[in-house]
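Numbering (the working numbering), first residue to last: 72 to 462.
A virtual CB, placed ideally from N, CA and C, is assigned to each residue, including glycine.
Quick caveat: nothing in here was measured; it's all calculated off a predicted structure.
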Ligand code: HEM
């Protein structure tokens, strides 16, 4: 009896607060979204940002988003201009990732970039492409998770070879970075974990040797960490997106599968429509003007590659994947002085991976339905994290 009373009391106590009217936060929709109401970090936006970018576009290429305390640049021309003016739009927001190259500004950035570029010779690209092709071919099975069982191990194998991590180090590193990703500050944990592994990399010793007088050990740690971070998730996401497009659009798959010359335009379209990082940050160095809008100094500005790559002023039928596009250039690899130094490598690795898959199977298909795809969604990235397919 006492137990029953206690239970009833507990139930009553729990019911009282719930009996008060609950004012639920309105769900953001593209129809209702404006620069004032949108929050780019809202999960609803993160899971499908493109209709929201289109909702903002008519109000102009540069807008202030009070909920994010930042500016967004949506237009292709305005993004291009911001990339071309590093003296006004600094890469400082990346300093937590890497202050040496990606987070650096001119003139030092150019010196460091020259040092890093030495690792992307034509011979190195040939060798790394072969590693990607070999790894991809070995992973193809009758059924697989196209992310964990394909795009992720291919991009890691290529990054490991470029950086000069042996197999055992990669296994250890993956375990340590997975653990760091669950910590209180995942990015800081990831970066410091990678710094710890850097001295084991062949590229670390080479950077120190070539960069004598220019960089010390701390900078070399950071560059090795950057090479791993910048090359793995990005390449992984493009391969996964490519696979998803192939399994979801049989017309495109038949065309690309039947004509290897269409693989390159296909990949460029996949990257245009789904840049692995669709927002890249800048910080204004002083009050400045962009596309007719005045932005104060010290402001965070998100260059929206996802929106610029779908600007209807430049691309006809901008949201569709078209293999016959006359203008195919895009900003998935960024622009200006920080334009991705690994772009030629990434293009080759994605091509050999998707090429191997298409040669292996004429009809790759999704296992289950679209709801069975798991997603990684953040303010800056949206990509499958599990994609089960049959080949
Ligand atoms: C499809 C795959 C890739 C995409 C879409 C991509 C995208 C990008 C973007 C957008 C930037 C510029 C960021 C900014 O300006 O804010 C960048 C920079 C960079 N990327 Fe990539 N990346 C890819 C693959 C790679 C690979 C494979 C490597 C190295 C092996 C790499 C290394 C770098 C480095 C070192 C930078 C900094 C360059 C600088 O600051 O001068 N990336 N990447």
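Candidates the options, of which the one nearest residue i by Cα
i, options, result
"residue 456", "310, 333, 371, 389", "310"
"residue 294", "233, 193, 356, 131", "233"
"residue 297", "276, 269, 313", "269"
"residue 458", "437, 448, 450", "437"
"residue 241", "299, 338, 102, 433", "299"
"residue 247", "266, 333, 230, 289", "266"
"residue 302", "159, 336, 260, 225", "225"
"residue 444", "366, 319, 385", "319"
"residue 140", "209, 111, 205, 151", "111"
"residue 160", "167, 386, 195, 371", "371"
"residue 260", "418, 138, 167", "167"
"residue 117", "462, 447, 433, 262", "447"
"residue 187", "358, 228, 397, 292", "292"
"residue 461", "136, 128, 221, 158", "221"
"residue 415", "197, 245, 231, 323", "197"
"residue 106", "131, 136, 201, 129", "136"
"residue 156", "450, 396, 356, 404", "356"
"residue 131", "402, 384, 430", "384"
"residue 403", "109, 451, 396, 249", "451"
"residue 218", "332, 449, 305, 113", "305"
"residue 431", "285, 211, 103, 143", "211"
"residue 258", "287, 169, 284, 434", "169"
"residue 230", "439, 413, 165", "413"
"residue 103", "126, 134, 250, 228", "126"
"residue 158", "454, 375, 369", "369"
"residue 349", "145, 114, 442", "145"
"residue 367", "353, 227, 223", "353"
"residue 143", "373, 280, 172, 215", "373"
"residue 325", "376, 429, 115, 418", "429"
"residue 213", "439, 195, 154, 435", "435"
"residue 171", "398, 322, 285", "285"
"residue 277", "189, 164, 263", "189"
Range of the contiguous alpha helix (DSSP H) that encloses residue i
i, result
"residue 509", "What is shown of the chain runs 72 to 462, which leaves residue 509 out entirely."
"residue 431", "414-431"
"residue 372", "Run containing residue 372: none in the alpha helix (DSSP H); it sits in the beta strand (DSSP E), 371-375."
Residues that residue i bridges to, as DSSP identifies them
i, result
"residue 216", "459"
"residue 341", "Paired residue(s): none; residue 341 is not in a bridge."
"residue 156", "Looking at the DSSP assignment, residue 156 forms no beta bridge with any residue, so it has no partner."
"residue 470", "Since the first residue of the chain shown is 72 and the last is 462, residue 470 is not available in this structure."
"residue 436", "461"
Terminal residues of the beta strand (DSSP E) in which residue i lies
i, result
"residue 352", "350-355"
"residue 366", "364-366"
"residue 361", "359-361"
Interface flag, residue i vs chain C, CB-CB below 8 Å
i, result
"residue 370", "You won't find chain C in this structure, because it holds only one protein chain."
Segment contact flag, the region 312-322 with the region 110-125, C-beta cutoff 8 Å, min 3 pairs: No, the region 312-322 is not in contact with the region 110-125.
Contact between the region 362-373 and the region 331-343 (3+ Cβ pairs under 8 Å): Two segments are said to touch when three or more pairs of C-beta atoms, one from each, lie closer than 8 Å; by this definition the region 362-373 does not touch the region 331-343.
Any 3 or more C-beta pairs closer than 8 Å across the region 321-337 and the region 391-403: Yes: at least three Cβ pairs fall under 8 Å.
Segment contact flag, the region 401-413 with the region 176-183, C-beta cutoff 8 Å, min 3 pairs: Touching, yes.
Ordered list of alpha helix (DSSP H) runs contained in the region 236-276, each at least 4 residues: Correct list: 238-252, 257-268.
Completely contained beta strand (DSSP E) runs for the region 163-240, where each covers 3 or more residues: The qualifying runs are 214-216.
Continuous alpha helix (DSSP H) assignments of at least 4 residues falling wholly in the region 109-161: Runs found: 114-118, 120-127, 147-155.
Meets three-Cβ-pair contact criterion under 8 Å: the region 372-380 and the region 143-161: Contact between the region 372-380 and the region 143-161 is present, because at least three Cβ pairs lie under 8 Å.
For review: beta carbons within less than 5 Å of any heavy atom in the ligand NAD: Absence of the ligand NAD from the depicted structure is noted, with the ligand HEM being the only ligands included.
Contact the region 416-427 vs the region 199-216: 3+ CB pairs below 8 Å: They touch, by the three-pair rule.
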